[in-house]
Amino acid sequence: MSRREQSPGSDTLGRALSRNLLIGIALCYLVLFLVLPLLAVFTQALAKGLVAFSTALRDVDALAAMRMTLTVAAISVPLNTLFGTAAAWLVAKYEFRGKGFLLTLIDLPFAVSPVISGLIFVLVFGARGWLGPWLGEHGYKVIFALPGMVLATTFITFPFIARELIPLMQAQGRDDEEAALSLGASGWRTFWMVTLPNVRWGMLYGILLCNARAMGEFGAVSVVSGHIRGETNTLPLHVEILYNEYNFVGAFATASLLALLALLTLGLKSLLERRHPELRGARAEPGKARLAH
Amino acid sequence: MKPALLRRPRRRQVLPGFGLTMGYTVLWLSLIVIIPLSAAFLSAAHLPLSRWLQILMTPRVLASFRLSLSASLIAAGINAVFGLLIAWVLTRYEFPGRKLLDALVDLPFALPTAVAGIALATLYAPGGWLGRLLAPLGVQVAFTPLGITAALAFVGLPFVVRTLQPVLGDLDRDLERAAETLGARPSVVFRRVILPALLPALITGCALAFSRALGEYGSVIFIAGNIPLVSEIVPLVIMTKLEQFQYAEATVVAVAMLLLSFAMMFAVNGAQLALQRRYQSRR
Chain A
1 MSRREQSPGS DTLGRALSRN LLIGIALCYL VLFLVLPLLA VFTQALAKGL
51 VAFSTALRDV DALAAMRMTL TVAAISVPLN TLFGTAAAWL VAKYEFRGKG
101 FLLTLIDLPF AVSPVISGLI FVLVFGARGW LGPWLGEHGY KVIFALPGMV
151 LATTFITFPF IARELIPLMQ AQGRDDEEAA LSLGASGWRT FWMVTLPNVR
201 WGMLYGILLC NARAMGEFGA VSVVSGHIRG ETNTLPLHVE ILYNEYNFVG
251 AFATASLLAL LALLTLGLKS LLERRHPELR GARAEPGKAR LAH
Chain B
294 MKPALLRRPR RRQVLPGFGL TMGYTVLWLS LIVIIPLSAA FLSAAHLPLS
344 RWLQILMTPR VLASFRLSLS ASLIAAGINA VFGLLIAWVL TRYEFPGRKL
394 LDALVDLPFA LPTAVAGIAL ATLYAPGGWL GRLLAPLGVQ VAFTPLGITA
444 ALAFVGLPFV VRTLQPVLGD LDRDLERAAE TLGARPSVVF RRVILPALLP
494 ALITGCALAF SRALGEYGSV IFIAGNIPLV SEIVPLVIMT KLEQFQYAEA
544 TVVAVAMLLL SFAMMFAVNG AQLALQRRYQ SRR
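Written out as structure tokens, the structure is:
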């Protein structure tokens, strides 16, 4: 009898204890493994003072790398936005055979190592690749040049926007669009006036993630870039070169720019998630889109 | 006769754009994904089996596969434990700073791998913030398989947490209360009520973390030290062979790895479906 009377009190005490213990462990783990690396980037970047930091960032090669990173992202992100929209419209608005297979194919780049993602484009466009000799004869350069880097980045970020838009468009169904069409709107008008406004936040969310990955990609562009300083270096590749030359202030100063981009992405992402909670659900279950069929 | 994928369904579509979006999706998918990927398979298929074995059965390649697989597996195991714990804390408890921590979980997704790589290498280097603390204990992390595992655990964490969170949020807490009322201890409630419901998501999350870890390059190479036979991962072996213009060898190793990744992907999808069916039929 006495045990039973005692148990509610000790139970709540035990609960509070285990709650605090679990929160403590989670906090320690996140600080130790996530916050500390981030902190290290900024500390190392500023280790020799602000002047060294800003000198490293104003270096000619650093500026060229910034331009290259922006150029690659400015081409591959819109390409994938266009593809993601078309694929999402197709998958969400129609029923057809082989849909599950198509979704698996769209997801494929996620299962491929970045290094292999670069390698496959070398095999197609490289000097000894399928199209390499023909391209060489006609004076086109793909590998060790901008087109190759755009291709590799587009491959790596291929599923991002499609994956964001497919579950959103599926959830919205096609009632709105059918209503617009029955009222006499054209297909394009329906898309611009009905579908796009419905998914614009999801699209922005996808673009945000796609852009972060496109600007930060390392392995794939490393294979196709040839590391030509001032020409085909992106910011992550510039970080590697400086680090391997033991120019730690330069490497971490450049890295801190990319870390700021990551923090900005995370901030905007949480803001979007708070305003539009449905976005979070759309991405949080990676298997959902595939299993829905 | 059109192939099955392109055949229009019998019921008439009301919305326009089927042909356009199907054409564009298939064309773009082929140009960016399917043709380049098949280039790897076709180039490798040219080679006779004996050449394949000759390339794959070298001690260096075998050691890299062993290391990549074991380090990814251990990292996925670490993520299973701490990912579950973090997802639990973030969904079940309310405390100051929870939203900030929640946003932080995605850092490994957002932080470029090269940045993570040099940051981890600096932290765990013998003179670094963490390396200095671990050195007296005789633990060396940088330039060892341990460092590789740490980097892979960093990269994989969000996969497990983000896969578990929605499932944890949807969990029916009446079941837990019922089990408690019937006298089950918290450990029993966790093992018999909570864990079975989380298992499909936990497996999916770990498999995603594992497959990401297997191919990871940027965050590993700086901390790994890249000593052949000791701390060289498969992507690095491919990279090294490419830099030495050994395209055939690089391709064979890459195709072996692709086959492994794709097999993983299908196995996970299958396991997930089976588990979901089992769980749903039991309910």
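Chains A and B, in that order, give the protein sequences. Taking the working numbering, the leading residue of the first sequence gets 1, the next gets one more, and so forth. Taking the working numbering, the leading residue of the second sequence gets 294, the next gets one more, and so forth. Virtual Cβ for every residue (Gly too), placed ideally from N, Cα, C. Predicted, not measured: the structure shown is a model, and the values here were computed from it.
Note the first and the last residue of the continuous alpha helix (DSSP H) segment covering residue i.
i      : result
A/M203 : 196 to 216
B/Q458 : 438 to 463
A/W192 : Looking at the DSSP string, A/W192 is not in any alpha helix (DSSP H), and its letter there is neither H nor E.
A/I241 : 235 to 244
A/L34  : Where A/L34 is concerned, there is no enclosing alpha helix (DSSP H), given that its DSSP letter is neither H nor E.
A/V77  : 60 to 93
A/V122 : 114 to 125
B/I348 : 342 to 349
A/P109 : It is not in any alpha helix (DSSP H) - A/P109 carries neither H nor E in the DSSP assignment.
B/N519 : Note, B/N519: premise wrong, no alpha helix (DSSP H); not H, not E.
A/V223 : 219 to 225
B/P479 : 479 to 482
A/K300 : Nothing about residue 300 of chain A can be read from this structure; chain A reaches only from 1 to 293.
A/E273 : 248 to 275
B/F375 : 352 to 385
Mind checking residue i: buried by the 16 CB within 10 Å criterion, or exposed?
i      : result
B/M350 : exposed
A/N244 : exposed
A/D175 : exposed
B/F559 : exposed
A/D107 : buried
B/V432 : exposed
A/L17  : exposed
B/K534 : buried
A/T12  : exposed
B/S512 : buried
A/Y205 : buried
A/L151 : buried
B/Q537 : exposed
B/C499 : buried
B/A337 : buried
A/N20  : exposed
A/F53  : buried
B/F503 : buried
A/V51  : exposed
Starting from the beta carbon of residue i, find every residue of chain A whose beta carbon is closer than 8 Å, and list them in chain order.
i      : result
B/I379 : A26, Y29, L30
B/G400 : In the sequence under discussion, the amino acid at residue 400 of chain B is Leu, which differs from the Gly named in the question. Near B/L400 (Cβ distances below 8 Å), the residues of chain A are L34, L38, A262, L266.
B/W422 : L36, A40
List, in chain order, every chain B residue whose beta-carbon is nearer than 8 Å to that of residue i.
i      : result
A/F155 : I325, V326, P329
A/V223 : M532, L535
Once the 5 residues before and after residue i are set aside, which same chain residues still bring their CB inside 7 Å of it?
i      : result
A/A88  : A162, L165, I166, M169
A/G287 : In this prediction, A/G287 scores a pLDDT of 39, lower than 50, which makes its location untrustworthy; no coordinate-derived value is stated.
B/I367 : T442
A/R280 : E273
A/L208 : T265, L268, K269
A/F252 : V41, Q44, A45
A/F248 : Q44
B/P482 : A quick correction: the sequence has Val, not Pro, at residue 482 of chain B. So the qualifying residues of the chain are E469, A472, E473.
B/G563 : none
A/G202 : E164, L165, L168, L279, A282
A/E285 : Residue confidence for A/E285 is low, a pLDDT of 42 falling below 50, so the modelled location carries little weight; the figure read from the coordinates is stated next. None.
Taking 8 Å as the limit between beta carbons, can you name the residues of its chain near residue i, skipping five residues before and five after?
i      : result
B/R353 : P521, L522, E525, V530
A/K93  : M169, R174, E177
A/I228 : F144
B/L313 : none
A/L237 : A65, F218, V221, S222, S225, H227
A/S2   : Confidence at A/S2 is low in this model, with a pLDDT of 42, below 50, so the placement of that residue is unreliable and no value is reported for it.
So, at 6 Å on beta carbons, what are the nonlocal neighbours of residue i in its own chain, with the 5 sequence-adjacent residues on each side left out?
i      : result
B/P309 : none
B/G410 : G511, S512, F515
For residue i, return the contacting residues in chain B, with the cut-off set at a CB-CB distance below 7 Å.
i      : result
A/W134 : Result: empty, since nearest Cβ-Cβ is about 15 Å, beyond 7 Å.
A/I120 : P329, L330, A332, A333
A/V115 : Y510, P528, I531, M532
Name, please, each residue of chain A whose Cβ falls closer than 7 Å to the Cβ of residue i.
i      : result
B/V336 : Sequence inspection shows Ser at residue 336 of chain B; the Val mentioned does not correspond to that position. Residues of chain A passing the Cβ test: L123.
B/P309 : G187
B/T415 : A40, Q44
B/A407 : F218, P236, V239, E240
B/W321 : F83
B/S504 : A111
Under 9 Å Cβ-Cβ, which residues of chain A neighbour residue i?
i      : result
B/A396 : L266, G267, K269, S270, E273
For a contact defined as C-beta to C-beta under 9 Å, what are the partners of residue i on chain B?
i      : result
A/R229 : Within chain B, no residue comes near A/R229; the closest Cβ sits about 16 Å away, beyond 9 Å.
Short of 9 Å Cβ to Cβ, which residues in the region 192 to 206 of chain A face chain B? none
Interface positions of the region 533 to 558 of chain B facing chain A (Cβ-Cβ less than 7 Å), listed along the chain: L535, Y540, A543, T544, A547, M550, L551, S554, F555, M558
What residues in the region 152 to 176 of chain A bring their beta carbon closer than 7 Å to a beta carbon of chain B? T154, F155, F158, R174
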